[in-house]
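Report on the structure given below.
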Amino acid sequence: MLNYVEYHINAGHLEVVGRDDVEIKASLNGKVIIVPAVKIEGTEYLVRKVGGFYSSEIEEIQLPNTVTEITSSGFDGAELLHTIIMPKSLRCIHWNAFGGCSSLESVELNEGLEEIQSDAFSNCSRIKTMNIPDNVCIYGGCFKNVKLSEIIFPETFKIGGGYIFAEDSTPIRIFLKSTDAKEPEGYKEGLFDEDSGVTNFTTLYVPKGSLNLYKKSPYWGKFKYIKEYNPESLSQ
16 MLNYVEYHIN AGHLEVVGRD DVEIKASLNG KVIIVPAVKI EGTEYLVRKV GGFYSSEIEE
76 IQLPNTVTEI TSSGFDGAEL LHTIIMPKSL RCIHWNAFGG CSSLESVELN EGLEEIQSDA
136 FSNCSRIKTM NIPDNVCIYG GCFKNVKLSE IIFPETFKIG GGYIFAEDST PIRIFLKSTD
196 AKEPEGYKEG LFDEDSGVTN FTTLYVPKGS LNLYKKSPYW GKFKYIKEYN PESLSQ
């Protein structure tokens with residue numbers, strides 16, 4: 016236990032597996048800092064995995080640039096968590112990692128992230144915007160019961176299976192960065208459930224000059240509303 020957070024050695028690295036809720040609330044005011052490494056008997060172990068905060072009362076957490084995974088249900092039900100910064104080292108957000116984090120308002124995903132698994136942000140009801148980094152593989156249900164106002168997709172991304180957008184998780188606006196109407200890789204059918212009507216009431220925004228390509232696309236042309244936008248506006 017270090018600063019009221021429990022670390023275990025796992026496969027030559029450290030994994031955060033638990034915490035002392037009483038002390039974190041009383042002594043740290045709900046704010047947790049995960050250390051990047053711990054030296055044990057002369058050997059330094061890097062912290063690679065973080066979990067063990069399910070149903071906790073933490074409000075903020077700071078992760079070091081050694082963490083590569085947020086474990087399954089790692090923060091499930093942490094209803095007071097409102098701030099988390101994803102480290103540049105993060106590679107995978109596992110199943111249900113942030114399920115039910117109803118106070119989490121914004122999430123900045125890092126470049127280099129490889130997977131957002133099913134239910135990763137399910138029932139995070141306050142999240143309104145999501146910017147997906149390049150080459151991420153996203154799985155069905157990762158935004159279950161999340162009413163996004165908008166989501167921004169990079170030029171290249173992958174679908175791992177299941178529906179990303181259905182009746183319970185349909186954004187108002189979808190922004191695409193590809194200028195050549197590139198389709199997602201992997202399970203293409205999983206981006207949207209046509210039976211839910213997502214293609215009839217969600218507006219697809221495409222880079223200026225590519226409108227005709229998208230309208231003629233057998234894949235993207237299914238959207239009833241397709242409009243152009245200036246890509247520079249996304250960085251403002």
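Each residue of the sequence shown is one higher than the last, beginning at 16 in the numbering used here. Glycine residues also receive a C-beta, built at the ideal position from the N, C-alpha and C atoms.
For residue 128, is the classification buried or exposed, using 16 other Cβ atoms within 10 angstroms of its Cβ as the cut-off for buried?
So residue 128 counts as buried.
Cα separation between residue 44 and residue 75?
For residue 44 and residue 75, the distance between alpha carbons rounds to 9 angstroms.
Three-way DSSP call (helix, strand, coil) for residue 40 in this model:
Taken through DSSP and simplified to helix, strand or coil, residue 40 comes out as helix.
List the DSSP bridge partners of residue 100.
In the DSSP assignment, residue 100 is bridged to 77.
Reduced DSSP category for residue 209 - H, G, I as helix; E, B as strand; rest coil:
Helix.
Span separating the alpha-carbon of residue 192 from that of residue 167:
Between residue 192 and residue 167, the C-alpha separation is close to 8 angstroms.
Whose C-beta lies closer than 7 angstroms to the C-beta of residue 177 among residues of the same chain, with five residues either side of it excluded?
Leaving aside the five residues that flank residue 177 on each side, the residues in its chain whose CB is nearer than 7 angstroms to its CB run, in chain order, 133, 154, 155, 156, 205.
Assign residue 208 to one of two classes, buried (16 or more other C-beta atoms within 10 Å of its C-beta) or exposed (fewer than that).
Buried.
Endpoints, beta strand (DSSP E) assigned at residue 25
Looking at the DSSP string, the run of the beta strand (DSSP E) that includes residue 25 is 20 to 25.
Can you tell me which of the three DSSP states residue 29 falls into?
It is a strand residue.
Take the Cβ of residue 238 as the centre, count every other Cβ of all protein chains shown within 10 Å, and call the residue buried at 16 or more, exposed below.
Here residue 238 is buried, its C-beta having at least 16 other C-beta atoms within 10 Å.
For residue 38, I'd like the list of residues in its chain whose CB is within less than 7 angstroms of its CB, leaving aside the five on either flank, ordered along the chain.
Around residue 38: 19.
With H, G and I counted as helix, E and B as strand and the rest as coil, what does DSSP make of residue 162?
Note: residue 162 maps to coil in three-state DSSP.
Assuming residue 229 and residue 221 are in contact, meaning their beta carbons sit under 8 angstroms apart, how far apart are those beta carbons, in whole angstroms?
Yes, they are in contact, since the Cβ atoms of residue 229 and residue 221 sit about 5 angstroms apart, within 8 angstroms.
Same chain only: Cβ atoms within 8 angstroms of residue 33, ignoring 5 sequence neighbours per side:
Cβ within range, chain order: 20, 21, 67.
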